[in-house]
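Participant: Quick note: the sequence shown, position 655, residue 655 per the UniProt record's numbering, numbers continuous. Where is the CB? At the ideal position from N, CA and C, for every residue including glycine. As the structure is a prediction and not an experimental result, all values here were calculated from the model.
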Amino acid sequence: MEARQLLPINRYEEQIVEAVGKNRVVVVIGETGSGKTTQLAQILHRAGYTKDGIIGVTQPRRVAAVSVARRVAWEMGGPLGEEVGYSIRFEDRTSRATRIKYLTDGCLLRECLFDYEFKQYSVIILDEAHERSLNTDILLGLLKRVAQNRNPELKVIITSATLDGQKFSDYFYRCPVINVPGKLYPVQLLYSTEVPYSYLESAVETAIDVHVREPEGDILVFLTGQDEIEKALRMLEEKVLMLEEGSCLDVIVLPLHASLAPEVQARVFQAAPPNCRRIIVATNVAETSLTVDGVVYVIDPGFVKQRNYNPTTGMDSLSVVRISRVQATQRAGRAGRTRPGKCYRLYPISAYEEEFLPATVPEIQRSSLTGAVLHLKFLDLPNLDILHFDFIDPPLRESLEDALYQLLAIDAIGQDGKITGLGKHIAELPLEPALGRTLLAAEDLGCLSQALTVVAMLSSETIFMQGSRKGDDRKRSREDQQLPDGNKYGDHVQYLQIFELWKKNNFDIKWCRSNGLQIRSMLFAKDVRRQLALILTRKNFEDDDRATKKISTARSLRKALCQGFACRLAQRMPKHNGYHTVGNKSQLVQLHPATSPLLVDEDGLYPEWVLYHELMASTRPFLRHVCVVEKDWVVPILEKLQNINVRSLSGLSAHELQKDQALGEDNKVVLLKPSD
Ligand code: ADP
Ligand code: MG
1 MEARQLLPIN
11 RYEEQIVEAV
21 GKNRVVVVIG
31 ETGSGKTTQL
41 AQILHRAGYT
51 KDGIIGVTQP
61 RRVAAVSVAR
71 RVAWEMGGPL
81 GEEVGYSIRF
91 EDRTSRATRI
101 KYLTDGCLLR
111 ECLFDYEFKQ
121 YSVIILDEAH
131 ERSLNTDILL
141 GLLKRVAQNR
151 NPELKVIITS
161 ATLDGQKFSD
171 YFYRCPVINV
181 PGKLYPVQLL
191 YSTEVPYSYL
201 ESAVETAIDV
211 HVREPEGDIL
221 VFLTGQDEIE
231 KALRMLEEKV
241 LMLEEGSCLD
251 VIVLPLHASL
261 APEVQARVFQ
271 AAPPNCRRII
281 VATNVAETSL
291 TVDGVVYVID
301 PGFVKQRNYN
311 PTTGMDSLSV
321 VRISRVQATQ
331 RAGRAGRTRP
341 GKCYRLYPIS
351 AYEEEFLPAT
361 VPEIQRSSLT
371 GAVLHLKFLD
381 LPNLDILHFD
391 FIDPPLRESL
401 EDALYQLLAI
411 DAIGQDGKIT
421 GLGKHIAELP
431 LEPALGRTLL
441 AAEDLGCLSQ
451 ALTVVAMLSS
461 ETIFMQGSRK
471 GDDRKRSRED
481 QQLPDGNKYG
491 DHVQYLQIFE
501 LWKKNNFDIK
511 WCRSNGLQIR
521 SMLFAKDVRR
531 QLALILTRKN
541 FEDDDRATKK
551 ISTARSLRKA
561 LCQGFACRLA
571 QRMPKHNGYH
581 TVGNKSQLVQ
591 LHPATSPLLV
601 DEDGLYPEWV
611 LYHELMASTR
621 PFLRHVCVVE
631 KDWVVPILEK
641 LQNINVRSLS
651 GLSAHELQKD
661 QALGEDNKVV
671 LLKPSD
């Protein structure tokens, strides 16, 4: 209680309540840790805003939505899921009693398909808006309209950690900005003289060094992903063992990333015991989303893992890239929350000044927009077409065209640019459009049950235990464990077989373990499958389990996938020892090494036609999650694709004139206010 009253934001309670009373939109800026995420909703709850509606607080990350909801429920003294709940994709922990609901921005976006005025909410807090996730950006645009017009008033609060406050305020017609000055102690910045050979090793060494030399205070190390974190934990533990006993404080080493079990995650929020230092090795979640108390030293290698979609090549990349200067400032700030701290930047100041981008590129400018565009098409509100959508930062024209092309190829929109009946069904499913289309095709082909399984397995990230990454290893370990091999049809059919075998084994957890499968991922897939089946049953689709599981079903399943992934087909190029993708941005690619052994037959031959889930950029572009398809299915698709010309899409061409005017020199869509 005491700690909460000391949070900076609570000293601004009156001012916040007054500003929200008088304005429809308010921006709240405060340092991370000032209490925006946990306290704002409680402040407005106390001010009576939950009498005629609920308070929704969006989070860009699932892990934050869950963790923060749990914390706030605890602060308010009730069980999670009653007064305070959360809702994330495939999981809803709310009830009739819920007044404060934490939810991912994606979840709120989907809710608005069925209620575009957000009627159940009296207040919507768009939290961590500075992260500029794709969904947050779209919500900003939608809320801008609704907040202006809705009756009874919808209050919108945008929170942001750093410099973006003015930008948000300008976007919302100069709405008021409340600045909550954080209690931030000075943080000394220490730069490396050169770029380390391995930032992972350098981070581990620096952490040990700080631990040995510096007085007490926790150390927070930023790394880019789970693998790296696990590796660093092992290295740290080894090095700690080599320290002379009694020469320094005790130490506890802890991970913090999105796929931790809640119990493990909770440990990060417990203070260190006396005479003990914690070293927390975290991903970006610790940058702004989750606040860990007690940190005095931050170690920042200056990297983050970022997904990037290139609309011109259709290629996804998940790569480790330099953070921006804004991010570097955020990270350093984590060291100054309890007392003066230090931030060790494992890069030279010249790199910071010359190579780092000033701010992170918003996700809308580096993501596939297929889902987002379909969403906006679904809403079909006046002035809400894509090219005139009031984005805070507009996407690239190539991305919009790419999205339209893809949607047209799966029949989600028609030649007139309008959403089709099929498109509406697809939009309503909490899945990327290609997977949604697959399920609907599967329903027609009588293999919905199988398709549900495959889609659920694909939604779960790593099915196989880590460590056996390389294709050969994976194949070998599968031979040992005798998992089915997909009958040479590839990953999708194999996923189906694995799940069905697991089911035959009564969903036994031990069975997963002895077959090298990630238990959490398998349980997640099972749950996702159940949730999806529920949604489809509500839409009167039948998850018919009795369908035969013979080759014929695998055939229908592959055919259904072929409909969904019409834009992601590839043909074998024997001469080039690879495949080339079809469509408007054809290129030569390789099979992912883990997929390849699933496709090659006894004679060493590969199938002529395949579809793929992802095209990943790497040293050489490769296809991930591949399924064999038949030429007969491909031919009509190719014909259709040939006739698609996005620029002459009449839905667009109705605006062709404006479009040309609406494009700036940098090829980005220029903002047009509805009044223009
Ligand atoms: P902001 O959103 O402004 O960054 P938060 O509301 O997230 O700030 O955090 C305010 C305080 O609440 C922090 O001191 C943090 O340690 C504490 N806190 C937040 N979440 C948790 C949690 N899950 N467990 C324990 N403490 C938490
Ligand atoms: Mg926050």
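1. By DSSP, does Gln15 sit in helix, in strand, or in coil?
2. Pop quiz: Gly141 and Phe378 are said to be a contact at Cβ under 8 Å. What is the actual Cβ separation, rounded to whole angstroms?
3. Taking only the alpha-carbon atoms, compute the straight-line gap between His655 and Ala409 and give it to the nearest angstrom.
4. From Ser259 to Arg568, what does the alpha carbon distance come to, in whole angstroms?
5. Compute the Euclidean distance between the alpha carbons of Glu263 and Asp508, then round it to the nearest angstrom.
6. Tell whether a beta-carbon distance below 8 Å holds between Tyr185 and Pro362.
7. Out of Glu230, Thr98, Val63 and Lys144, state which residue places its alpha-carbon closest to the alpha-carbon of Arg24.
8. Within the 8 Å Cβ cut-off, does Phe303 reach chain D?
9. In whole angstroms, what is the alpha-carbon distance linking Gln497 and Leu623?
10. Mapping DSSP to helix, strand and coil, what is Pro196?
11. As a quick exercise: from Ser556, Gly490, Ala456 and Glu245, pick the residue whose alpha carbon is nearest that of Tyr606.
12. Within 10 angstroms of the Cβ of Ile386, are there 16 or more other Cβ atoms? Answer buried if so, exposed if not.
13. By a C-beta neighbour count over all protein chains shown, 10 Å radius and 16 as the cutoff for buried, is Lys342 buried or exposed?
14. Across which residues does DSSP place Leu233 in a beta bridge pair?
15. From this set, Glu83, Phe499, Glu443 and Gly417, which residue's C-alpha is nearest His425's C-alpha?
16. Indicate the three-state DSSP secondary structure (helix, strand or coil) for Met76 in the structure shown.
17. For Thr453, verify whether its CB is less than 7 Å away from any heavy atom of the ligand MG.
18. Quick check on residue 682: does DSSP put it in helix, strand or coil?
19. Does the Cβ of Lys510 have 16 or more other Cβ atoms within 10 Å, making it buried, or fewer, making it exposed?
20. Just reading off the alpha helix (DSSP H) that Pro255 is part of, what are its end residues?
21. Consult DSSP for Lys575 and reduce its assignment to one of helix, strand or coil.
22. From the DSSP output, in three-state form, read off Phe464 for me.
23. Going along the chain, which residues of its own chain have a beta-carbon closer than 7 Å to the beta-carbon of Thr462, five neighbours each way excluded?
24. State buried or exposed for Ile349, treating a residue as buried only when at least 16 other CB atoms are found within 10 Å of its CB.
25. For the alpha helix (DSSP H) holding His375, just list the boundary residues, first then last.
26. Any heavy atom of the ligand MG inside 7 Å of the beta-carbon of Asp127?
27. If you run the structure through DSSP and keep just helix, strand and coil, what is Val20?
28. Based on the DSSP secondary-structure assignment, which residues constitute the bridge partners of Ala570?
29. If we count the other Cβ atoms within 10 Å of its Cβ and call it buried at 16 or more, is Pro215 buried or exposed?
30. Give me, in chain order, the residues of the same chain whose beta-carbon lies closer than 6 Å to that of Ser653; leave out the 5 immediate sequence neighbours on both sides.
31. Measuring alpha carbon to alpha carbon, tell me which of Tyr352, Gln571 and Arg267 ends up nearest Tyr191.
32. Within the same chain, show all residues whose beta-carbon is closer than 7 Å to that of Gly436, passing over the 5 residues directly before and after it, in chain order.
33. Please state whether the Cβ-Cβ distance between Cys276 and Leu249 is less than 8 Å.
34. Determine the DSSP secondary structure at Asn308, reduced to helix, strand or coil.
35. Buried or exposed, going by whether 16 or more other CB atoms sit within 10 Å of the CB of Gly77?
36. Just curious, the beta strand (DSSP E) that Leu623 is in, first and last residue?
Facilitator: With the given structure in hand:
1. Residue state, collapsed to three classes: helix.
2. By a beta-carbon distance limit of 8 Å, Gly141 does not contact Phe378. Their separation comes to about 14 Å.
3. Annotation note: pLDDT 42 at His655 (below 50); position unreliable, coordinate value reported separately. In this model, His655 and Ala409 are separated by some 21 Å (Cα to Cα).
4. When rounded, the distance between both Cα atoms is 29 Å.
5. Taking the straight line from one Cα to the other gives about 22 Å.
6. Their beta carbons are not under 8 Å apart, which means Tyr185 does not touch Pro362 by this criterion.
7. In this structure, Lys144 is the residue among Glu230, Thr98, Val63 and Lys144 with its C-alpha nearest to the C-alpha of Arg24.
8. Considering every chain present, this structure includes no chain D. It has just one protein chain.
9. Straight-line spacing of the CA atoms in Gln497 and Leu623 works out to 21 Å.
10. DSSP places Pro196 in coil when its eight states are reduced to three.
11. Ranking Ser556, Gly490, Ala456 and Glu245 by Cα distance to Tyr606 puts Gly490 first.
12. Classification for Ile386: buried.
13. Here Lys342 is buried: its Cβ has 16 or more other Cβ atoms, across all protein chains shown, within 10 Å.
14. Bridge partners of Leu233: none, in fact.
15. Selected option, being the one with the closest Cα: Glu443.
16. In the displayed model, Met76 falls within coil according to three-state DSSP, outside both helix and strand.
17. No, the Cβ of Thr453 stays beyond 7 Å of every heavy atom of the ligand MG.
18. The requested residue 682 is not part of the displayed model; the chain covers only 1 to 676.
19. With a 10 Å radius around the Cβ and a threshold of 16 neighbouring Cβ atoms, Lys510 comes out exposed.
20. Here Pro255 belongs to no alpha helix (DSSP H); instead the beta strand (DSSP E) covers Asp250 to Leu256.
21. Judged by DSSP in its simplified three-state form, Lys575 adopts helix.
22. Reduced to three states, the DSSP call for Phe464 is strand.
23. Gln518 and Ser521.
24. Flag for Ile349 reads exposed.
25. It spans Thr370 to Leu379 - the alpha helix (DSSP H) in which His375 sits, taken as one unbroken run.
26. Correct: Asp127 has its Cβ closer than 7 Å to the ligand MG.
27. Val20 carries a helical assignment under DSSP once its states are collapsed to helix, strand and coil.
28. In the DSSP output, where bridge partners are listed per residue, Ala570 has Thr581 and Val610.
29. Of the other Cβ atoms in all chains shown, fewer than 16 fall within 10 Å of the Cβ of Pro215; this residue is therefore exposed.
30. Its pLDDT being 39, under 50, Ser653 is placed unreliably in this model, and the value from its coordinates should be taken loosely. Contacts found: none.
31. Taking the Cα of Tyr191 as reference, the smallest distance to any Cα among Tyr352, Gln571 and Arg267 is reached at Tyr352.
32. Same-chain partners within the cutoff: Ile426 and Leu429.
33. Yes, the Cβ-Cβ distance between Cys276 and Leu249 is below 8 Å.
34. Secondary structure at Asn308: strand, using DSSP grouped into helix, strand and coil.
35. Exposed, by the Cβ-count rule.
36. Leu623: member of the beta strand (DSSP E) spanning Phe622 to Val628, first to last residue.
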